[in-house]
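Asks: Take the sequence shown: its letters are residues 1 to 179, numbered as in the UniProt record's numbering. For each residue, glycine too, the CB sits at the ideal point set by N, CA and C.
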Amino acid sequence: MTWKREPLEKDELTELLDIVETFDLAHDFTIRTLVHTGLRAGEFSQLRSDWMDWQNEQLRVPAEQDGWTPKTEHAARTIPVRDPDTLRVIREFFKRNEAVGVGRQAVYYRVTRVADETGIQKKVTPHVLRHTYGTLIASKGATPQYIRQTMGHADLSSANTYIEYSGVQLNEEASEVWG
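(1) Leaving out the 5 sequence neighbours to the left and right, which residues in its chain are closer than 8 angstroms to leucine 13 when beta-carbon positions are compared?
(2) Where does the unbroken beta strand (DSSP E) through valine 61 begin, and where does it stop?
(3) Roughly how many angstroms lie between the CA atoms of glutamine 58 and serine 49, to the nearest whole one?
(4) Using the beta-carbon count (16 or more within 10 Å), is leucine 157 buried or exposed?
(5) Considering only residues of the stretch 84 to 155, which uninterrupted alpha helix (DSSP H) runs meet the minimum length of 4 residues and lie entirely inside it, listed in chain order?
(6) State buried or exposed for glutamate 51, treating a residue as buried only when at least 16 other CB atoms are found within 10 Å of its CB.
(7) What do you reckon, are the CB atoms on threonine 150 and isoleucine 79 nearer than 9 angstroms?
(8) Starting from aspartate 37, follow the alpha helix (DSSP H) in both directions and report where the run begins and ends.
(9) With DSSP as the reference, identify every bridge partner of tryptophan 68, one or two as the case may be.
(10) At a cut of 8 angstroms, does the stretch 67 to 78 reach the stretch 106 to 114 through at least three beta carbon pairs?
(11) For aspartate 28, which of Glu9, Arg130, Ala142 and Arg88 has the nearest alpha-carbon?
(12) How would you write the range of the beta strand (DSSP E) that threonine 22 sits in, first residue to last?
(13) Along the chain, where does the alpha helix (DSSP H) containing glutamine 46 start, and where does it finish?
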């Protein structure tokens, strides 16, 4: 898989998450949720409070909801949400709102508005944040199966791309070779 837009590097992600704290709850919720769940913009725009399993700290993308269906059959999935700041912001958002209630274009606007306030040189879009999630979990040691399942991919080839991009396999092999 080649990407039109590359994932954010660690320092870029830190800058984005730092600056989003100066924005309102809707922007903070959008950025953190996309970065820490890998949701597509269309999925995020359909997100409702009943997708959250608070007890297990999981987000469940349904196979169908009020006439909406995910992009693919594999997109119906469960995504663990373990970042404490993201969980806090999701809780806060859903205390005030039942659903996201905006379209994909508004999601795109929120992401680009926050990114424009950073020094990040690359174009930051909701899909860049999806790629960022994939490389972030790969860098933390997620298996190809975990990446495939949480991102809603049909096969492991996409998941392996995130692992390759993150450099985890290369670093693990170097450790084995050079001990």
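Replies: Put simply:
(1) Val35, Thr132 and Leu136
(2) 58 to 61
(3) 11 angstroms
(4) Rather than leucine, the amino acid found at residue 157 in this sequence is serine. Looking at its Cβ environment, which holds fewer than 16 other Cβ atoms inside 10 Å, serine 157 is exposed.
(5) 84 to 96, 104 to 115, 126 to 139 and 144 to 151
(6) For the sequence presented, residue 51 should be read as tryptophan rather than glutamate. Its Cβ being crowded by 16 or more others within 10 Å, tryptophan 51 is buried.
(7) yes
(8) Note that residue 37 is threonine in the sequence shown, not aspartate. Taken as a continuous stretch (DSSP letters only), the alpha helix (DSSP H) holding threonine 37 covers 25 to 37.
(9) Gln65
(10) no
(11) Arg88
(12) Here threonine 22 belongs to no beta strand (DSSP E), and DSSP marks it neither H nor E.
(13) 41 to 46
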